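S.K.: Protein chains in written order, with our numbering: chain A, 1 to 228; chain B, 229 to 620.
Each residue gets a CB set at the ideal place from its N, CA and C atoms; glycine is no exception.
Since the model is a prediction, treat every value here as computed from it, not as a measurement.
(1) List, from N- to C-terminal side, the alpha helix (DSSP H) runs of 4 residues or more that fit wholly inside the stretch 69 to 110 of chain A.
(2) Between residue 457/B and residue 268/B, which are expected to be in contact by the criterion C-beta below 8 Å, what is the C-beta distance as a whole number of angstroms?
(3) Applying the criterion that 16 or more other CB atoms from any shown protein chain within 10 Å of the CB defines a buried residue, is residue 476/B buried or exposed?
(4) Would residue 273/B be called buried (16 or more neighbouring beta carbons within 10 Å of its own) or exposed?
(5) Tell me whether the stretch 96 to 107 of chain A and the stretch 74 to 86 of chain A touch, counting them as touching only if at least three CB pairs, one residue from each stretch, are closer than 8 Å.
(6) DSSP state of residue 219/A, grouped into three classes?
(7) My parser needs the beta strand (DSSP E) runs of 3 or more residues fully inside the stretch 415 to 457 of chain B; what are they?
(8) Give the interface partners of residue 56/A over in chain B, defined as CB-CB distance under 9 Å, in chain order.
(9) Determine, using beta-carbon pairs with one atom in the stretch 255 to 265 of chain B and one in the stretch 432 to 440 of chain B, whether at least three such pairs fall under 8 Å.
(10) Can you grab the Cα-Cα spacing for the pair residue 545/B / residue 256/B, in whole Å?
(11) Can you find a CB in chain B that lies within less than 9 Å of the CB of residue 122/A?
(12) Quick check on residue 381/B: does DSSP put it in helix, strand or coil?
(13) Less than 9 Å separating the beta-carbons of residue 427/B and residue 303/B?
(14) Quick one: does residue 89/A have its CB under 9 Å from some CB of chain B?
(15) Let me know if residue 5/A comes out buried or exposed under the rule of 16 or more other beta-carbons within 10 Å of its beta-carbon.
(16) Taking only three categories from DSSP, how would you classify residue 210/A?
(17) Along chain A, which residues have their Cβ under 8 Å away from the Cβ of residue 235/B?
(18) Could you tell me whether any Cβ in chain B is nearer than 9 Å to the Cβ of residue 104/A?
(19) Please name the residue in 21/A, 219/A, 175/A and 186/A whose C-alpha comes closest to that of residue 167/A.
(20) Name, please, each residue of chain B whose Cβ falls closer than 9 Å to the Cβ of residue 77/A.
(21) Jot down the residue ranges of each uninterrupted alpha helix (DSSP H) in the stretch 133 to 199 of chain A, minimum 4 residues, whole runs only, in chain order.
(22) What does the alpha-carbon distance come out to for the pair residue 47/A and residue 239/B?
(23) For residue 7/A, which of 38/A, 146/A, 149/A and 65/A has the nearest alpha-carbon?
(24) If we call anything under 9 Å between Cβ atoms a contact, is residue 3/A one with residue 44/A?
(25) Where does residue 59/A fall in DSSP's three states?
(26) So, residue 368/B versus residue 308/B, is the Cβ gap smaller than 9 Å?
(27) What's the gap between the Cα of residue 191/A and the Cα of residue 149/A?
(28) My output table needs one value for residue 574/B: the three-state DSSP class, helix, strand or coil.
(29) Under the three-state reduction of DSSP, which class applies to residue 617/B: helix, strand or coil?
(30) For the stretch 184 to 210 of chain A, list every residue whose C-beta sits within 7 Å of some C-beta in chain B, in sequence order.
(31) Sort out for me which residues DSSP pairs residue 333/B with in a bridge.
(32) Looking at C-alpha atoms only, which residue of 306/B, 614/B and 279/B is the closest neighbour of residue 519/B?
(33) If we cut at 9 Å on Cβ distances, does residue 534/B have a partner in chain A?
(34) What in chain B is Cβ-close to residue 292/A, meaning under 7 Å?
(35) Use the C-beta contact count for residue 36/A: other C-beta atoms within 10 angstroms, 16 or more gives buried, fewer gives exposed.
(36) Okay, do the stretch 604 to 612 of chain B and the stretch 526 to 538 of chain B touch, 3+ Cβ pairs below 8 Å being the bar?
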């Protein structure tokens, strides 16, 4: 289970006046079980790169292999089906639905999979315990703290037990204590065999000792990949 | 991964229900307005259907053929002597000379329909009566009237009353019976009396009648006999029961159609508003759809979600609207009686049984639930094809 990109390009609004070349011939390979940090300024293309690796959309050209599938030519529907099996995604602003309870938010990805309510709760329980939010499970997500929201987002990303965990600026809205807490959790996931890819320009993430590799990106191109 | 499609739909339905509950104020508002519009349209439809049904029941009492004399295109009196001509037509079972006129009661400001029949015919007709005084023939000076006429005259339990001839001299009558309420649509403003009394009241010539009711032995021969009579008496108008029924249907149908157009316009306006509302999805709703898509919901799941939401709201509105309409019509349909029955001074007191046919239900369904589903699902489709990355 690895991610491999070969000469991947992504152009938004191709052929139009508003055309944007977000990625220009990016090639990289990420091995299973690695923790990688994508680092770059806002607009550098790291979210686009993360989206392609997260099977959100295919590249405009080039080859993208996620897990065991070449996703470059997969239609949107199959991309969705593949994404919900392979990818856990943590958003910058968590993107939980505030009116739903914590447990409802966590089990949302299981609804289109036809998982029964009982089974949904059964799968959520260990995650709630592992992330220490069992006492909040019936609270509306809009009524819990930022740190707890982050844990809800992690639990939701893990509910399908995907091999890849991707996070977009995961510490951008957290204080230092919560950021360190977040890194502890993802390090635990790395140890459990998950491949973790974090898009961030926060030094606390990039300089973390558990990060195996930092991939710098600028203007849609990779810059000097280095090993820490 | 094997997906259980039934459980998947149950999950989506469950989410739709919780979504409706989360936006309960907005959805309750839509439900109330939608139910109200459906109630109005359904009431109109049920009332029309019920009135036509009642008219059909009453027409069972009507003669097979009604014969009237015309002069200058208007109905005029005719002589009872014409009965002799009819005797020569094979297939006529019975003839009944009648006086059918209108009496304006100045004191109470109401028009009554006065019907004069031969004494023996009244007894034989067996009108459903209440408060009956005499069981045998309706004798001279006795009348049968509708409860509405009795109430309008303020008679109470009193039986004696008088009416005025054209020269303003008085004629005394006695209430011999009151029509039962089932016949109210037709008999609502009726006073039934002997032929001679009616002639006396309207100061008609001896042997003069306004029309002749004809009963035919074989119902299949009605049109044939009507044609023979028309050929034999070219100065007459020959009306068959089916023609009268068609007239009823045309009158109610026209009024109902007019009302329905107005109300269906209201329904259309509601659907347009719903469309407008649904197409302008709030940022919150768009964000929710984006999150769901990112988490693995497909476009068809989002559409199913919207389908359940809209289907539940519109289906519930249909059930509520129809139930209220049924109760409204069963209790007299007061809201639409003036439109369907006319603004007569003396309105018959109606006891209607709402009759809902499958075609009515289908029509209501087609004009309410389907457009609402379309009005909400098509814009939902536009939002359902939002790319999952919009939430990143």
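M.R.: On the basis of the supplied data:
(1) 76 to 86 and 102 to 107
(2) That pair is no contact at about 45 Å.
(3) buried
(4) buried
(5) no
(6) coil
(7) 418 to 422 and 439 to 444
(8) 522, 615, 616, 617 and 620
(9) no
(10) 10 Å
(11) no
(12) helix
(13) no
(14) yes
(15) buried
(16) coil
(17) 114, 115 and 116
(18) yes
(19) 186/A
(20) 526, 527 and 528
(21) 146 to 158 and 176 to 191
(22) 31 Å
(23) 65/A
(24) no
(25) coil
(26) no
(27) 23 Å
(28) Legend: pLDDT at residue 574/B = 45, less than 50; position of this residue unreliable, no value from coordinates given.
(29) helix
(30) none
(31) 338/B
(32) 614/B
(33) no
(34) Residue 292/A lies beyond the stretch modelled for chain A, which goes from 1 to 228, so this question has no answer here.
(35) buried
(36) yes
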